[in-house]
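Beneath this line is the structure, given in structure tokens, with notes to follow.
Number of protein chains: 4
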Amino acid sequence: MPYRSSDKTRQKKDSKRTSMMQAAVQVFAEKGYHAATVRDIVEIADVAVGTFYFYFPDKETLFTHLYDETADFLVQTLQQASVSRSLWPQQVQAIIQAYVNLAIFEPAIIQLLLIGGSGTPALATRRQRFRHQLTQLWQRPLTEALTNEQLPDQDSRLTAEAIVGAVDEVILKLLNLPEPELAADGTVLNLTRFVLRATGPFREKT
Amino acid sequence: MPYRSSDKTRQKKDSKRTSMMQAAVQVFAEKGYHAATVRDIVEIADVAVGTFYFYFPDKETLFTHLYDETADFLVQTLQQASVSRSLWPQQVQAIIQAYVNLAIFEPAIIQLLLIGGSGTPALATRRQRFRHQLTQLWQRPLTEALTNEQLPDQDSRLTAEAIVGAVDEVILKLLNLPEPELAADGTVLNLTRFVLRATGPFREKT
Amino acid sequence: MPYRSSDKTRQKKDSKRTSMMQAAVQVFAEKGYHAATVRDIVEIADVAVGTFYFYFPDKETLFTHLYDETADFLVQTLQQASVSRSLWPQQVQAIIQAYVNLAIFEPAIIQLLLIGGSGTPALATRRQRFRHQLTQLWQRPLTEALTNEQLPDQDSRLTAEAIVGAVDEVILKLLNLPEPELAADGTVLNLTRFVLRATGPFREKT
Amino acid sequence: MPYRSSDKTRQKKDSKRTSMMQAAVQVFAEKGYHAATVRDIVEIADVAVGTFYFYFPDKETLFTHLYDETADFLVQTLQQASVSRSLWPQQVQAIIQAYVNLAIFEPAIIQLLLIGGSGTPALATRRQRFRHQLTQLWQRPLTEALTNEQLPDQDSRLTAEAIVGAVDEVILKLLNLPEPELAADGTVLNLTRFVLRATGPFREKT
DNA sequence: CATGAATGAGGGTTCATTCAT
DNA sequence: AATGAATGAACCCTCATTCAT
Chain A
1 MPYRSSDKTR QKKDSKRTSM MQAAVQVFAE KGYHAATVRD IVEIADVAVG TFYFYFPDKE
61 TLFTHLYDET ADFLVQTLQQ ASVSRSLWPQ QVQAIIQAYV NLAIFEPAII QLLLIGGSGT
121 PALATRRQRF RHQLTQLWQR PLTEALTNEQ LPDQDSRLTA EAIVGAVDEV ILKLLNLPEP
181 ELAADGTVLN LTRFVLRATG PFREKT
Chain B
207 MPYRSSDKTR QKKDSKRTSM MQAAVQVFAE KGYHAATVRD IVEIADVAVG TFYFYFPDKE
267 TLFTHLYDET ADFLVQTLQQ ASVSRSLWPQ QVQAIIQAYV NLAIFEPAII QLLLIGGSGT
327 PALATRRQRF RHQLTQLWQR PLTEALTNEQ LPDQDSRLTA EAIVGAVDEV ILKLLNLPEP
387 ELAADGTVLN LTRFVLRATG PFREKT
Chain C
413 MPYRSSDKTR QKKDSKRTSM MQAAVQVFAE KGYHAATVRD IVEIADVAVG TFYFYFPDKE
473 TLFTHLYDET ADFLVQTLQQ ASVSRSLWPQ QVQAIIQAYV NLAIFEPAII QLLLIGGSGT
533 PALATRRQRF RHQLTQLWQR PLTEALTNEQ LPDQDSRLTA EAIVGAVDEV ILKLLNLPEP
593 ELAADGTVLN LTRFVLRATG PFREKT
Chain D
619 MPYRSSDKTR QKKDSKRTSM MQAAVQVFAE KGYHAATVRD IVEIADVAVG TFYFYFPDKE
679 TLFTHLYDET ADFLVQTLQQ ASVSRSLWPQ QVQAIIQAYV NLAIFEPAII QLLLIGGSGT
739 PALATRRQRF RHQLTQLWQR PLTEALTNEQ LPDQDSRLTA EAIVGAVDEV ILKLLNLPEP
799 ELAADGTVLN LTRFVLRATG PFREKT
């Protein structure tokens, strides 16, 4: 075996792949799909153009892959925060807390997901799916609370959509601050209050 | 429509300019800033490429100009709806009603404004300014109601931001429906309820 | 009408188009489809890259178009030479004469058609069609002579194919000479003799 | 097959080299010089890219080497068929028979040699040399027969060239058939007749 | 010997922009 | 004013070639 691939090589390979993906997230988040060039990405990752195409089939595939992966990760993370609580107020607080944490910790992720507009037809579908998942993330516990008559009657889908929009907007504004960490706790608190008001008074059942 | 020359006397003179702007709104809204080409625009407007550069210095300037104009128009329209009422609940309902009307009547306007943070650096600033204006649109009457102690104490800025996000998200979803008009009234009603719940019980003062 | 397009403009436009096509024939003939670059072509034609794409949709389309056009032209020319005579020996002589004339006058045309190999799947089909047309060009008068029993019995298709190959080979060799014109007449004479021998003794009928 | 190492002792050692050469012939014949990629070759040969450059200096060298080797092999084979007979008609039949056999048995060889004048400057020379050898292959016995006055007076070089072209064309057509073997015998027969007619009536001398 | 990750020049194509008419 | 032919920088991607392992 004149060429061992499971040693350092493997690590370097993965590191290169990873650094390109990170660079890609950064550039895509910053400039959007069209304005981001492959050259931008490889320059940041400090590799040659050809290397990009050694690891990824093309720009669009990488982008959609990145989008999907990131979206799934975000949804999973929030989902876990949600199911770890049983009462609506605690669920709201947990989801928002998780979301804000993520935004502070990995702002590029959030920016990537909110690029919107229209990079490519393929993205439009992806984006819709993502928004839908986010909506369902809120709608599920909301519907349960409604079923238990713990919340006043309302259109759960519209409420969920509105919450998704509200949370995104507030978090984006938060990220635009010079030092988002400082305002994070306050934002979580007030945003939670907003959502709880918006879904009406919660009455605990026995 | 903000991009229509309001001076009837030069209607003929500016007809090309106008048709190009209308075409531009349409194309930008549909494909985003980068994917939209000058050729797309002039083809729809049925003029030559050179004509574009007679009326506008370049693509980006037109875009930012269009964005500003459209944003101002939207804000003005909602502003008027807002000031025509004196009580918070009526104001909420009026703004949302006006917003939905506009979205149904001229969806391209809304889509143009929500294209997102990509595009160009110049747009980022513009977008922030627009979001800020929208926020203030809500924050002003909200603050007044708070001052009059008609609403429970809350962070008026965060509430306003959240409302902006909520309304946008719901209206975008509405526009994605095959026949938005049919759902318009219901959306106005439920969205208004959402916002009113989110700002807490309103107590009318004498 | 501020822009008249049927005047000098038209001429210049056509001249540019023409010069690019000539350059393309030259480059394609010289290097073959793949080795020929769009940049090669525009440099010879002394225009910018963009100009190429203003006149032609893409490299492949231009190539196939050029090939078709050239092939048709060649076949037409030879066809006319053929039908202008009624007797087989005169037909043979006329076709060969016309072919050699063309080769001397416009050598790039012949080279373009014989590029062969495989530029692109699309070309393979084209090339076959062209060879088929050439074959039929010979087979038609040959069959007629056979029907009139002016030539000895033979497989007219194979004979025609063989003649096509023979003529091409000899003419290509001729073109490789430093001064093809000098050898042209002799080649026509001897090639005609070859073909006449190859189809057997001709017996004129009354 | 010319590209097969004839030394059994180093069969193992050169197995990669051999399989790459076989793969190369196949790929070059199929796609032509430029469209064939080194990757295509090594994938078929099931070795790594680097291995290619251990055995061959570069793509072009391999190609020209392959071309030369193949051309020599073909010429040798036909030569042997030619010298094994003493009379012109038998020589013609033997050469054509050998050519057709080879074409049926190893079509890639023939296709490789007929790829054409594109490729690379270096190939042009090679190709000319090969055509020249083929021409001489026919011209030698032809001249001899002429010297013996067994054939009518003619330009032996032109006749030889024409025969070369004729034979190639017919054999290429044969290879394009779905099942070339079925038509092989008939083609040999008729092609032989064609050539014999084309060189004029053969008179056996004592 | 053999590997395959890495390179970067170069190819086809697009598109914002200019300018002679 | 208006036109559209012309430009060329820049984009995405391919592929021959190298070299550390």
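Chains as they are written, first to last, in the numbering used here: chain A, 1 to 206; chain B, 207 to 412; chain C, 413 to 618; chain D, 619 to 824.
The C-beta atom is built at its ideal place from N, Cα and C for all residues, glycine as well.
In this text, all values refer to a predicted model and were calculated from it rather than measured experimentally.
Item                                                                                                                : Value
Selected residue, minimal CA-CA separation from L535/C, among G444/C, Q434/C, M432/C, Q438/C                        : G444/C
Cβ pair L696/D, A716/D closer than 8 Å                                                                              : yes
G650/D at chain C interface by Cβ criterion, 8 Å                                                                    : yes
Expected contact under 8 Å - CB spacing of L495/C and V607/C to nearest Å                                           : Residue identity differs from the one stated: residue 495/C is Val in this sequence, not Leu. Actually they do not touch by this definition, with Cβ atoms about 17 Å apart.
Given D786/D as reference, the closest of L587/C, T571/C, L586/C once Cα atoms are compared                         : T571/C
Exposure of V188/A, with buried meaning 16 or more beta-carbon neighbours within 10 Å                               : buried
Beta carbon of L348/B nearer than 8 Å to that of S362/B                                                             : yes
Nearest residue (CA-CA) to Y789/D, options A763/D, D686/D, Q708/D, Q729/D                                           : The sequence given here has Ile at residue 789/D, not Tyr. Out of A763/D, D686/D, Q708/D, Q729/D, Q729/D has the C-alpha closest to the C-alpha of I789/D.
Same chain, Cβ closer than 6 Å to P620/C, five either side skipped, listed in chain order                           : Residue 620/C lies beyond the range of chain C shown here (413 to 618); nothing can be said about it.
Pick from A647/D, W706/D, A641/D, V645/D that is closest to E767/D, judged by C-alpha positions                     : W706/D
Nonlocal neighbours in the same chain, by C-beta distance under 6 Å from A663/D, ignoring five residues either side : S637, M638, A641
Chain A within 8 Å of E367/B, Cβ atoms only                                                                         : yes
Nearest candidate by alpha-carbon position, reference A506/C, set E616/C, G612/C, D597/C                            : D597/C
Chain C contacts from the segment 790 to 801 of chain D (Cβ-Cβ distance under 9 Å)                                  : L790, K791, N794
Chain A within 8 Å of E312/B, Cβ atoms only                                                                         : no
Neighbouring residues, chain D, relative to R538/C (Cβ below 9 Å)                                                   : Under the 9 Å cutoff, chain D gives no residues; its nearest Cβ is about 14 Å from R538/C.
Per-residue contacts from F606/C into chain D (C-beta, under 7 Å)                                                   : L776, T777, A780, A816
V376/B CB to nearest heavy atom of the ligand MN below 7 Å                                                          : Here there are no bound small molecules, and the ligand MN is not part of this structure.
Selection from H652/D, G783/D, T765/D, V665/D that minimises the alpha carbon distance to F748/D                    : G783/D
Sub-8 Å separation of L589/C and A780/D beta-carbons                                                                : no
Sequence ranges, alpha helix (DSSP H) only - wholly within the segment 248 to 286 of chain B, length at least 4     : 255 to 261
A448/C, DSSP secondary structure in three states                                                                    : coil
Chain C within 8 Å of L809/D, Cβ atoms only                                                                         : yes
Closest Cα partner of T537/C within the set P613/C, E442/C, D480/C, V439/C                                          : D480/C
Other residues of its chain near L62/A: CB distance less than 7 Å, five sequence neighbours each side excluded      : A24, F56
Nearest candidate by alpha-carbon position, reference A389/B, set V306/B, R399/B, E350/B                            : V306/B
Enclosing alpha helix (DSSP H) for E616/C [first to last residue]                                                   : That residue, E616/C, is in no alpha helix (DSSP H); it is neither H nor E in DSSP.
Integer Cβ distance of T463/C from V454/C, believed to fall under 8 Å                                               : 7 Å
Euclidean distance between Cα positions of T532/C and V645/D                                                        : 14 Å
Rounded straight-line distance, which links the Cα of R409/B to that of R203/A                                      : 22 Å
Test item: CB-CB of P74/A and L102/A under 8 Å                                                                      : Inspection of the sequence shows that residue 74/A is occupied by Leu rather than by Pro. Yes.
Rounded separation between H544/C and R552/C - CA only                                                              : 12 Å
As assigned by DSSP and simplified to three states, the class of R703/D                                             : coil
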